[in-house]
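For the record, the sequence lines run as chains A and B. Using this note's numbering, read the first sequence as starting at 572 and increasing by one per residue. Using this note's numbering, read the second sequence as starting at 685 and increasing by one per residue. For glycine and all other residues, C-beta sits at the position ideal for the given N, C-alpha and C. Computed from a predicted model, the values in this text were never measured in an experiment. These notes concern the structure reproduced below.
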Amino acid sequence: MKIHKSFSVLVVILFLFLLAACGSAHTNVGVDMRFGPNGPHMSPHVGVDFYGGGRH
Amino acid sequence: MKVSQNGIPKLIALLFLFFTLSCDQTEYPTLSTSDSIQYNHGQIVWHDLITPNPKQAMDFYANLFGWTYKSLGTDDMAYHVIYSGGHAIGGIIPLNVATHPSGEWLSSVSVTDVDKAVEYNTAKGGKTLFKPSNFKGRGRSALVQDPQGAYVAYVHSETGDPQFQVANNSWLWNELWTNDVTGSLDYYKGVAPYAAVENNEEKVPYFILKSGDQKLCGVMKNPVANMRSAWLPYIKVVDVESVSTKAVSLGAKIMLEPQQDIRNGSVAIIQDPNGAPFAVQIWNQ
Chain A
572 MKIHKSFSVL
582 VVILFLFLLA
592 ACGSAHTNVG
602 VDMRFGPNGP
612 HMSPHVGVDF
622 YGGGRH
Chain B
685 MKVSQNGIPK
695 LIALLFLFFT
705 LSCDQTEYPT
715 LSTSDSIQYN
725 HGQIVWHDLI
735 TPNPKQAMDF
745 YANLFGWTYK
755 SLGTDDMAYH
765 VIYSGGHAIG
775 GIIPLNVATH
785 PSGEWLSSVS
795 VTDVDKAVEY
805 NTAKGGKTLF
815 KPSNFKGRGR
825 SALVQDPQGA
835 YVAYVHSETG
845 DPQFQVANNS
855 WLWNELWTND
865 VTGSLDYYKG
875 VAPYAAVENN
885 EEKVPYFILK
895 SGDQKLCGVM
905 KNPVANMRSA
915 WLPYIKVVDV
925 ESVSTKAVSL
935 GAKIMLEPQQ
945 DIRNGSVAII
955 QDPNGAPFAV
965 QIWNQ
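Take a look at the structure:
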């Protein structure tokens, strides 16, 4: 019974990690924090799934 | 254009810039060299790069696209006319480094009446960054921030608008990245005789603004988080991969790498060394 409960907790934790990973996938769109000789600065980038531009 | 929220210093810098330009008697290149004066209202007819480091920008674009320059005015506030293939295609304007650390390309839209366009912008909730003024050789122009936040210039050329033409290393397309697609489409239909046609071929909604049969520019949801709405110019190139690689070697950053699942690898989006975004695209039609 104790092993079963620990396993359930492990599954929940793994599920939470999965959700966090999905959240990171979204925040990966738009802005990078980059570090250079003058300190950190923001650098925008374009997410592949959010772009459909250019001359048609 | 960059993510920083330095709106007020930026506004002051732009106001100073256009005030200075309006006070001089410099003769700017005409927008059209045709004998007959014709207008294509809604067409984007000119581009200006505002940048904190004109020298670095001039070197960058000269090395990347072979552009040459002719400087007008005084050293402190010189206006550098860009030439590609012998044609004047745009300008480079210095900005104060302290107040404006990053650059941006400004697009000029041909309108019937600049003053009425500015009044319309105000009525819709936009801001006037520089009131309508006459520029010798150019015509009447004003700089505004549209209701969705994008900077855009309105111009009524004294020589008419340039003919539609596409050349390597010159302008190919213009696109509005907006944080409010519906609002922008509604707004720009009141600026010029635009008809918006949705293109369903892309993974995200994309609208082409047309006048008659002529495709003039595009509108899409801003793909960059936390960035205000802005116009993005496209430059026609022969090899987008080599241009991207060379741009990086010259100090640029890549915002979007060319890749097969985006327009068959024909597009890249680049941020020049001073932070001004632009796109390059292969175009063989």
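- Per DSSP, the continuous beta strand (DSSP E) segment holding residue 904 (chain B) begins and ends at 898 to 905.
- Non-local beta-carbon contacts of residue 935 (chain B) in its own chain, meaning distances under 7 Å to residues more than five positions away in sequence, involve 744, 957 in chain order.
- In its chain, beyond the 5 residues on either side, 841, 843, 844, 845, 846 have a beta carbon closer than 7 Å to the beta carbon of residue 716 (chain B).
- The three-state secondary structure of residue 911 (chain B), taken from DSSP, is coil.
- By the CB criterion at 8 Å, residue 919 (chain B) and residue 940 (chain B) fall outside the cutoff.
- For the pair residue 926 (chain B) and residue 942 (chain B), the CB atoms are not nearer than the 8 Å cut-off.
- Short of 7 Å from the beta carbon of residue 811 (chain B), and not among the five residues preceding or following it, lie these beta carbons of its own chain, in chain order: 828, 829.
- A buried status is given to residue 823 (chain B), since no fewer than 16 other beta-carbon atoms sit within 10 Å of its beta-carbon.
- When C-alpha distances from residue 875 (chain B) are compared across B:805, B:821, B:884, the shortest belongs to B:805.
- Put simply, the CB of residue 736 (chain B) is far from chain A, with every gap to its CB atoms at 8 Å or more.
- Here residue 848 (chain B) is not bridged, per DSSP, to any residue.
- Apart from sequence neighbours up to five positions away, the residues of its chain that approach residue 712 (chain B) with a beta-carbon distance below 6 Å are 819, 821, 822, ordered along the chain.
- By the 16-neighbour rule on beta-carbons within 10 angstroms, residue 859 (chain B) is buried.
- Per DSSP, residue 814 (chain B) lies in no alpha helix (DSSP H); the unbroken beta strand (DSSP E) holding it starts and ends at 811 to 819.
- Here residue 779 (chain B) carries a coil assignment [DSSP, helix/strand/coil].
- In the three-state scheme derived from DSSP, where H, G and I count as helix and E and B as strand, residue 834 (chain B) is classed as coil.
- The Cβ neighbour count for residue 907 (chain B), taken over all protein chains shown within 10 Å, is at least 16; the residue is labelled buried.
- Spanning the alpha carbons of residue 763 (chain B) and residue 796 (chain B) requires a straight line of approximately 26 Å.
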